[in-house]
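Q: Residue numbers (my numbering), protein chains in the order written: chain P, 21 to 461; chain Z, 21 to 461. Cβ atoms here follow ideal geometry from the backbone N, Cα and C, with glycine treated the same way. All values reported here derive from a predicted model rather than from experimental measurement. Okay, here's the structure, questions in a sec.
Below, the structure is given as structure tokens:
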């Protein structure tokens, strides 16, 4: 292999790294792509855990640019709304939007990752190196150190793109520079996955076209449909305390607790107790940093720049949006340092706003979605949207079903709320005055 | 040397590490103390920069417990208040408190560090190792890796105390653990030091018993007196922009700028232009993390746990208060993990509050201290304190001249403000009613 470095060296062949490699190659640029894991095409799912992701319009847009939208949509399951599972009583369904154009797609992370990695490997301008774990980065001269099955290896990169996730080695090097802001902040909640297998006829054991939520106040379970008829359930519980993961230590306790708190799920998960006791608990981190680039030498995308908690299903969508913006900035501006600065200026504020929204939406999902007041508000918002069209877009709609930048969406939602409140107050005043006129007669 | 590890292994023989070693040794505990720099008693001031620090009651209390208060106070210079230097017009003096019990002490960092390091080295239970730079920490088994002039060295510690400052290696290891919150955040301002030498008769060229401030809105200069007749000036300016360090690149520009903005300082600093162009610009970081300990294996004190910006002069004082609290917790609770958890519970909230106060006080120092309204408010606060004694303590008084925990001080200041505002409103109402009575007659 020719050892001259390509124009771009991407560290991380995950969702963002592979997508970016494809997009850069299609723009005629040469890319070296390093990945710590082995080639996914040579093995089964990596790590043994099947995880699905919510794909929405921001992510779809980036896939469309690569001509991959259709194949992804075909393998996905449409989720048209939330299905709320109370402890007792009937299920409650809340549509996400006015029609199927406002719905989420449940996609397999492994499947999408393989598709993108395949596509990247097919590009003539892309060289892919698997089994390369980045252990050290010297930003000044672009030296990357890798641990490989064949031993230690060093390469010199002219321009590094850190697409290496929430625990990014590239960001680690940037963070050690003077005047580099950084924060990592964990939720007191963790997550654990369980599986609802397909029904015996191969179908789905619950409503297929919905994201299922069991809101329980301070904790919750959710389930996303998979194309094979199964659902992947995720428990979001505190690590410790009365509703914490650590409280359930025996099969009897697990069954007892689920029977009391998630009764309708118990018959759907045949290996409930053993899976609960075996499956690991993951932690949920929010990462922020600044700057996102080091001159024209290095830049961060996706989780490496801004890991968020998963409660809006926007992690991958935001990462893909980063990639689209970065490609655009590189296309407009031949000087890489300036292109990266433009990219950061356009994305950083939006990533910060998204991080806050994701944390806020956890409270919404685990607590508020169950309340009649919340349901009424959502219905009123969708009604206003139906009547006023694009003049009134609920915040959730703007985040999930438009490409309005996150920060702009939040600002716009605030303005809309002010207008609605003013209108309501004016209407109330009119009604009151009319009432006075009537009783005076 | 006996290679069995002592009960405690302190990394960092700076102010907090040395003080803690003394205090632990005096409580009958054995300590190994590792320091990356060479023995300060064998060389001059380390790093070539003489820095002074404001010592106040929290720090003095810890020194008193070691019998070192008197010797430190004798070598310090009392600062009874702020001396404000406007661009033009007379100086304005603001007393810190009601008398000399409410004053700050300007002490030499190098001098105090040598005194404490000496005192630590004198303790029979303390072994001191200089020239040991900690490069890696394995928290699980307590392995510490050091770089020494003689090569690489590993030691196994039973209990590690990280007193290794804002860029702590011990904290670095803790930060890599799951669910460890961490943030580093830099100001857009940096600092540069300049020196006003003693007068020809050996005296001070400005008022000796004051902390001098040249407030200029978005930037400032301050000067603290040294015992030798000199003052150490510190510029706190933005790195870039119209009042930034980067704007002045020639001797002519430096003299021109100072003559315009800090005119009375120009004749006092003979090497102004060359010192400005030569001396480095330091950055100002706030560090927060959680947890502060790893079971009973490791714990952080001082800047390693909570680096703050220097605008309240509380960095060292808070670090010494950490040490006093840690000693107290270890004395009460033989189980180290519990003692460390107690210590963190007592200190973490206060450190967080202090970090915010320090940033807020930068705005106060560089901008508000020059305004007549600020002066009036300060005078009114001191008057209320004089009339009501301990019933009314200004926030600044509580921070600098009491040992009331920082968080409690802030809560108490808020309560006081509410009472004062209510009293003022009541008085205004009474005056208004009396006025109505008078004009009715």
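1) The beta strand (DSSP E) with residue 258(Z) in it runs from where to where?
2) Any idea which residues DSSP pairs residue 28(Z) with across the strands?
3) Under 9 Å, Cβ to Cβ, is there at least one residue of chain P near residue 259(Z)?
4) By the 7 Å beta-carbon criterion, what residues does the region 199-219 of chain Z contribute toward chain P?
5) Answer yes or no: does any C-beta atom of chain P fall closer than 9 Å to that of residue 69(Z)?
6) Please go through the same chain and pick out, in chain order, the residues whose beta-carbon is closer than 7 Å to the beta-carbon of residue 390(P), but skip the five residues on each side of it.
7) So, does the region 131-150 of chain Z touch the region 38-47 of chain Z, judging by three or more C-beta pairs under 8 Å?
8) Return the residue from the list 346(P), 57(P), 280(P), 143(P) that minimises the CA-CA distance to residue 31(P).
9) Comparing the C-beta of residue 66(Z) with each C-beta of chain P, is any distance below 9 Å?
10) Using 9 Å as the limit for Cβ to Cβ distance, is residue 267(Z) near chain P?
11) Would a C-beta distance cut-off of 9 Å place residue 255(P) and residue 211(P) closer than the cut-off?
12) Given that residue 303(Z) touches chain P, what residues does it touch there, using C-beta distances under 9 Å?
13) Between residue 294(P) and residue 109(P), what straight-line distance do the alpha-carbon atoms span, to the nearest angstrom?
14) Of the residues 240(Z), 249(Z), 118(Z), which one's Cα is nearest the Cα of residue 263(Z)?
15) Could you tell me whether the region 186-204 of chain P touches the region 323-331 of chain P, using the rule of 3 or more Cβ pairs below 8 Å?
16) Can you name, in chain order, every residue of its own chain whose Cβ lies under 8 Å from the Cβ of residue 394(Z), other than the five neighbours on each side?
17) Taking the alpha-carbon of residue 399(Z) as reference, which of 115(Z), 52(Z), 71(Z), 42(Z) has the nearest alpha-carbon?
18) So, with DSSP's three-state summary, where would you put residue 318(Z)?
19) Less than 9 Å between CB atoms is the rule here; does residue 195(Z) satisfy it with respect to chain P?
20) Nearest CA to the CA of residue 74(P): which residue from 85(P), 275(P), 266(P), 242(P)?
21) If you count every other CB in all the chains shown that lies within 10 Å of the CB of residue 298(Z), and 16 or more means buried, which is it?
22) Could you give the DSSP three-state label for residue 393(Z): helix, strand or coil?
23) Return the first residue and the last residue of the alpha helix (DSSP H) that residue 158(Z) is part of.
24) Find the nearest neighbour of residue 368(P) within the set 249(P), 307(P), 356(P), 410(P), judged by alpha-carbon distance.
25) Which term fits residue 209(P), buried or exposed, when burial requires 16 or more other beta carbons within 10 angstroms of its beta carbon?
26) How close, in whole Å, do the beta carbons of residue 198(Z) and residue 309(Z) come, if the pair is a contact with beta carbons under 8 Å?
27) With a threshold of 8 Å on Cβ separation, who are the neighbours of residue 125(Z) within its own chain once the five nearest residues in sequence on each side are excluded?
28) Tell me, which residues are paired with residue 8(Z) by DSSP?
29) Just reading off the beta strand (DSSP E) that residue 114(P) is part of, what are its end residues?
30) Could you give the residue range of the beta strand (DSSP E) that holds residue 147(P)?
31) Less than 8 Å between the CB atoms is what I'm expecting for residue 176(Z) and residue 192(Z), so what's the real figure, rounded?
32) Could you compute how far the alpha carbon of residue 265(Z) sits from the alpha carbon of residue 121(P)?
33) Select from 51(P), 117(P), 216(P) the residue whose C-alpha is nearest the C-alpha of residue 405(P).
34) Are the CB atoms of residue 82(Z) and residue 360(Z) nearer to each other than 9 Å?
35) What three-state label does DSSP hand residue 270(P) in the structure shown?
A: Put simply:
1) Annotation: the continuous beta strand (DSSP E) that includes residue 258(Z) extends over 251-258.
2) According to DSSP, residue 28(Z) bridges with 51(Z).
3) Residue-level contact check: residue 259(Z) touches chain P, since one or more beta carbons of chain P fall below 9 Å from its beta carbon.
4) Flagged, chain order: 199, 201, 202, 203, 204, 205, 206.
5) With a pLDDT of 44 at residue 69(Z), under the threshold of 50, the predicted position of this residue should be treated as unreliable, though the coordinate-derived value follows. Judged by the 9 Å Cβ criterion, residue 69(Z) is not in contact with chain P.
6) Here residue 390(P) has 104, 106, 235 as same chain residues with Cβ atoms under 7 Å from its own Cβ, once five neighbours each way along the sequence are excluded.
7) Under the 8 Å Cβ criterion, the region 131-150 of chain Z counts as touching the region 38-47 of chain Z, having at least three qualifying pairs.
8) Per the Cα distances, 57(P).
9) Residue placement at residue 66(Z) cannot be trusted, given a pLDDT of 49 that sits under 50; the coordinates are not used to answer.
10) Interface criterion not met: the Cβ of residue 267(Z) is under 9 Å from no Cβ in chain P.
11) The beta carbons of residue 255(P) and residue 211(P) sit closer together than 9 Å.
12) Within chain P, the residues near residue 303(Z) are 198, 199.
13) Residue 294(P) and residue 109(P): Cα-Cα distance of roughly 28 Å.
14) It is 240(Z).
15) Counting C-beta pairs with one atom in each stretch, the region 186-204 of chain P and the region 323-331 of chain P have three or more that are closer than 8 Å, which means they touch.
16) Excluding residues within five positions, the ones whose Cβ falls inside 8 Å are 384, 388.
17) The shortest Cα separation from residue 399(Z) among 115(Z), 52(Z), 71(Z), 42(Z) belongs to 115(Z).
18) Secondary structure at residue 318(Z): strand, using DSSP grouped into helix, strand and coil.
19) It does: the Cβ of residue 195(Z) has a partner Cβ on chain P nearer than 9 Å.
20) The candidate whose alpha carbon is nearest that of residue 74(P) is 242(P).
21) Residue 298(Z) should be labelled exposed.
22) In the structure shown, residue 393(Z) sits in a helix (DSSP, three-state: H, G or I).
23) Counting along the chain, residue 158(Z) falls outside any alpha helix (DSSP H), though it belongs to the beta strand (DSSP E) covering 153-158.
24) It is 307(P).
25) In this structure residue 209(P) is buried. Its beta-carbon is surrounded by 16 or more other beta-carbon atoms within 10 angstroms.
26) Their Cβ separation, rounded to whole angstroms, is 14 Å, which puts residue 198(Z) and residue 309(Z) out of contact at 8 Å.
27) Close CB contacts of residue 125(Z) within its chain, under the 8 Å cut and outside five residues either way in sequence, are with 74, 75, 76, 80, 92, 93, 96, 97, 98, 99 (chain order).
28) Residue 8(Z) is absent from the model: chain Z starts at 21 and stops at 461.
29) Per DSSP, the unbroken beta strand (DSSP E) holding residue 114(P) starts and ends at 112-115.
30) Run containing residue 147(P): 146-149, per the beta strand (DSSP E) assignment.
31) Not a contact, Cβ separation roughly 19 Å.
32) Going by the C-alpha atoms only, they are around 54 Å apart.
33) From the listed residues 51(P), 117(P), 216(P), the smallest Cα separation to residue 405(P) is found for 117(P).
34) Going by C-beta atoms, residue 82(Z) is not nearer than 9 Å to residue 360(Z).
35) In the structure shown, the three-state DSSP call for residue 270(P) is coil.
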